[in-house]
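As numbered in full-length UniProt numbering, residues 1 to 84 make up the sequence shown, in order. Glycine included, every Cβ here is placed at the ideal spot set by N, Cα and C.
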Amino acid sequence: MNRQQLTDWLRDYLADLLDVTPEEVGTDIPLEYLGVDSATTLVLSADLSARTGRETRPGEILDHPTIERLAAHLSGSDEPAQVG
1 MNRQQLTDWL RDYLADLLDV TPEEVGTDIP LEYLGVDSAT TLVLSADLSA
51 RTGRETRPGE ILDHPTIERL AAHLSGSDEP AQVG
């Protein structure tokens, strides 16, 4: 998955999990502020591993605490997204 696909998937996944619309899930907001707790992090890491075909450890989610940063890390593009 590329960075944009991961960003979109993470936004939709968290919106469904948190019972909000995808528009309510800011990609630059820390996951903990969105309501992602330790149990959710464990589930998310397992689902990301299955979705991407690579092991995603909970620590990676904690080390990259926004959707943007996590998608960049998982896609191998740790550079910040360019705006505009």
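For T41, the three-state secondary structure derived from DSSP is helix. Within its own chain, the residues whose Cβ lies closer than 8 Å to the Cβ of T7, once the five positions on either side in sequence are excluded, are T27, I67, E68 and A71, listed in chain order. S77 sits in coil when the DSSP states are folded into three classes, being neither helix nor strand.
Annotation for R3: the continuous alpha helix (DSSP H) segment containing it runs R3 to L18. In this structure, R3 lies near S77, with their beta-carbon atoms less than 7 Å apart.
Relative to the Cα of E24, the nearest Cα in the group T40, A15, W9 and T56 belongs to A15. Only residues of its own chain outside the window of five on either side were considered, and among them M1, L6 and L74 have a CB closer than 8 Å to the CB of T52, listed in chain order.
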